[in-house]
Structures are given as C-alpha cells and as structure tokens.
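Heads up: the sequence shown at position 12 corresponds to 148 in my numbering, and the numbers run straight through without jumps. For reference, the structure is listed below as structure tokens.
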Amino acid sequence: MEGDVAVFLKDLPYPVVIKMVAGQRETDYRLDLRIPKTGPNAQPAITTETAIGLPSATLQSLLEGIEPPQAKPIRIRNAPANMKAWLIGNAPASRIVLRTSLFLNNPAYYGSLTSADGTHVYEIPQTPVVTVSENGALRNLFLDWE
Numbered sequence: 137m138e139g140d141v142a143v144f145l146k147d148l149p150y151p152v153v154i155k156m157v158a159g160q161r162e163t164d165y166r167l168d169l170r171i172p173k174t175g176p177n178a179q180p181a182i183t184t185e186t187a188i189g190l191p192s193a194t195l196q197s198l199l200e201g202i203e204p205p206q207a208k209p210i211r212i213r214n215a216p217a218n219m220k221a222w223l224i225g226n227a228p229a230s231r232i233v234l235r236t237s238l239f240l241n242n243p244a245y246y247g248s249l250t251s252a253d254g255t256h257v258y259e260i261p262q263t264p265v266v267t268v269s270e271n272g273a274l275r276n277l278f279l280d281w282e
C-alpha cells in the first residue's frame, strides 16, 4: 500500500510531495527536506563577518531569494523569466550579482554559490553583456543598470 502526501506552502508555486509506502521491512523515521525559500514568518538571518574566505552574506541572501536593501535591481534583456540581476556597491567598486539556474560562461566571476535546487548566484564585474549556457547553447544577455 502506498500513497502521496502533498503539502502546499504559502508563496511556493508548487506542492512538496512525499511518497508514503507501507508494509516494508525497513522504516525511515526521519526525513529532512530543504525548501529553497524562507517561510512567511521567517526572521532575517543574523550574519557576522568570518575569519576565513567564506561566501559573502549578500551572495547567501540572494541565493535564498532575499534581496538585500543595498541591492539595486538591473534590467536584463534576452534573459529567462527566473533570472535576476542586481548592482551592489558604489562606483568604482560596484559589482553585479546574477541569480539564475543557468551556467555563467563569461565574464569570469569573483565568487559563486549554488543551492541544492540548482540555482546559482554569481558575483561579476560591472559589464554590459554576459554569456550563459542554456542546455549546451550559449546565450548573450544584456544588462542595463542605468
């Protein structure tokens, strides 16, 4: 005997589905799930500076879908709907951060993070064009931060 349990979470566009199977010799007592989003009642994460070169709190926040207050959204032409970009910092030290499910080919990035669901966050220099790989095909994207 088996069945599915579907759990609908607030602001998540799809349900979390868990398959339940009865009558097996082995039993799973615990299942840890990671949802790639914070809950509606979640408090902002407390961040501190690290002593070693770990990814920045800004990259981690953007990977989790939380937009930092200092981030300025950038318009992207020729991009998939789920791709976003932000301008971080002030000139001349400003950088661009991309959040996408695609792989970045160009330019070289300063730092990157990847989540379990395949979402990538890349920190790159300020540039008008980036190249990503989508199913093996290269795609140029045009950034407009002004």
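Glycine included, each C-beta is placed from N, C-alpha and C at the ideal position.
Exposure label - Ile188; buried when at least 16 CB within 10 Å: The residue labelled residue 188 in the question sits at position 52 within the sequence shown. Here the model assigns Ile188 a pLDDT of 46, short of 50, so the residue's position is not dependable and the matter cannot be decided.
Looking at C-beta atoms only, is the number of pairs between the stretch 155-162 and the stretch 218-229 that lie closer than 8 Å three or more? No, because fewer than three Cβ pairs between the stretch 155-162 and the stretch 218-229 fall closer than 8 Å, the two stretches do not touch.
Could you check what DSSP says for Ala215 in three-state terms: helix, strand or coil? Looking up residue 215 in the sequence shown gives position 79. Coil.
Among Met156, Phe239 and Asn242, which residue has its Cα nearest to the Cα of Gly139? The count along the sequence shown starts at 1 and reaches residue 139 at position 3. Of Met156, Phe239 and Asn242, the residue nearest in Cα terms is Met156.
Trp222 - partner residues in DSSP beta bridges: If you number the sequence shown from 1, residue 222 lands on position 86. Residue pairing from DSSP places Trp222 in a beta bridge opposite Pro209 and Val233.
When the Cα atoms are used, what is the spatial distance from Asp168 to Ala227? The sequence position of residue 168 within the sequence shown is 32, counting from 1. The sequence position of residue 227 within the sequence shown is 91, counting from 1. Asp168 and Ala227: Cα-Cα distance of roughly 43 Å.
Counting along the chain, where does the beta strand (DSSP E) carrying Pro249 start and finish? For the purposes of this step, residue 249 is taken as the residue at position 113 of the sequence shown. Here the sequence assigns Leu to residue 249, which means Pro is not the residue at that position. Counted as a single uninterrupted DSSP element, the beta strand (DSSP E) harbouring Leu249 occupies residues Gly247 to Thr250.
Quick check: what's the CA-CA separation for Ala142 versus Ser269? As a position in the sequence shown, residue 142 is number 6, starting the count at 1. As a position in the sequence shown, residue 269 is number 133, starting the count at 1. Distance between the alpha carbons of Ala142 and Ser269: 33 Å.
Under 7 Å between C-beta atoms of Phe278 and Arg213: Working through the sequence shown from its first residue, we reach residue 278 at position 142. Working through the sequence shown from its first residue, we reach residue 213 at position 77. Remark: C-beta atoms of Phe278 and Arg213 approach each other more closely than 7 Å.
Determine the closest residue to Asp147 out of Arg170, Arg166 and Thr174, with distance taken between C-alpha atoms. The count along the sequence shown starts at 1 and reaches residue 147 at position 11. Per the C-alpha coordinates, the member of Arg170, Arg166 and Thr174 positioned closest to Asp147 is Thr174.
Suppose contacts are defined by Cβ-Cβ distances below 7 Å. Is Tyr258 in contact with Leu238 by that definition? Translated into the one-based positions of the sequence shown, residue 258 becomes position 122. Translated into the one-based positions of the sequence shown, residue 238 becomes position 102. The Cβ-Cβ distance between Tyr258 and Leu238 does not fall below 7 Å.
For Ala178, count neighbouring Cβ atoms within 10 angstroms of its own Cβ and tell me buried if that reaches 16, exposed if not. As a first step, residue 178 is located in the sequence shown; it is residue number 42 there, counting from the start. Under this definition Ala178 is an exposed residue.
Taking only three categories from DSSP, how would you classify Leu145? By one-based count along the sequence shown, residue 145 stands at place 9. Reduced to three states, the DSSP call for Leu145 is coil.
Measuring alpha carbon to alpha carbon, tell me which residue in Pro243, Val266, Arg275 and Thr255 is nearest Ser197. As a first step, residue 197 must be located in the sequence shown, where it is residue number 61. Considering only alpha carbons, the answer is Thr255.
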